[in-house]
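In the working numbering, the protein residues as written are 10 to 156. Just so you know, even glycine gets a beta-carbon here, dropped at the ideal spot from N, CA and C.
Shown next, in the form of structure tokens:
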């Protein structure tokens, strides 16, 4: 889902993810996918314990932005937003090819049938042509025998 939306440039910023309740079903699914990817990006850039640290600092300060700043070692949400878009481009950009591959494997039997029908038709035409040639040769031989 993220990969196709990257391809068509329909990825939303992290700030817009909080509006998922007012989004359509397909947009909500994209928002959900992107929020999961943002968690992956956080652990990728800041380590596996970043989520625990954010919760720990948020519990102390009661402010998510300050907790995020402390847990990430000085990155703001805007800084992470840039890293997040970079993460999406590096890790999800070509996943649509994998999905496209499934479609191709679904279509291969139909393509094989089309090729088989085409070859079968060509072979029948060739056989018909040979039969006509044989018939014409037989006619020539008969005419030569008469003369």
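In whole angstroms, give me the CA-to-CA distance for residue i and residue j.
i, j, result
"residue 80", "residue 111", "40 Å"
"residue 18", "residue 119", "32 Å"
"residue 91", "residue 116", "39 Å"
"residue 245", "residue 114", "The structure shown does not extend to residue 245, since the chain is modelled only from 10 through 156, so no value can be given for it."
"residue 78", "residue 58", "14 Å"
"residue 72", "residue 54", "21 Å"
"residue 33", "residue 52", "29 Å"
"residue 124", "residue 98", "38 Å"
"residue 56", "residue 127", "58 Å"
Could you round the C-beta distance between residue i and residue j to whole angstroms and report it? I think they count as a contact, below 8 Å.
i, j, result
"residue 93", "residue 47", "6 Å"
"residue 39", "residue 86", "Their Cβ separation, rounded to whole angstroms, is 20 Å, which puts residue 39 and residue 86 out of contact at 8 Å."
"residue 63", "residue 45", "The Cβ separation is near 16 Å, so there is no contact."
"residue 96", "residue 50", "4 Å"
Please classify residue i: is it buried, with 16 or more other beta-carbons within 10 angstroms of its beta-carbon, or exposed?
i, result
"residue 109", "exposed"
"residue 144", "exposed"
"residue 89", "buried"
"residue 101", "buried"
"residue 66", "buried"
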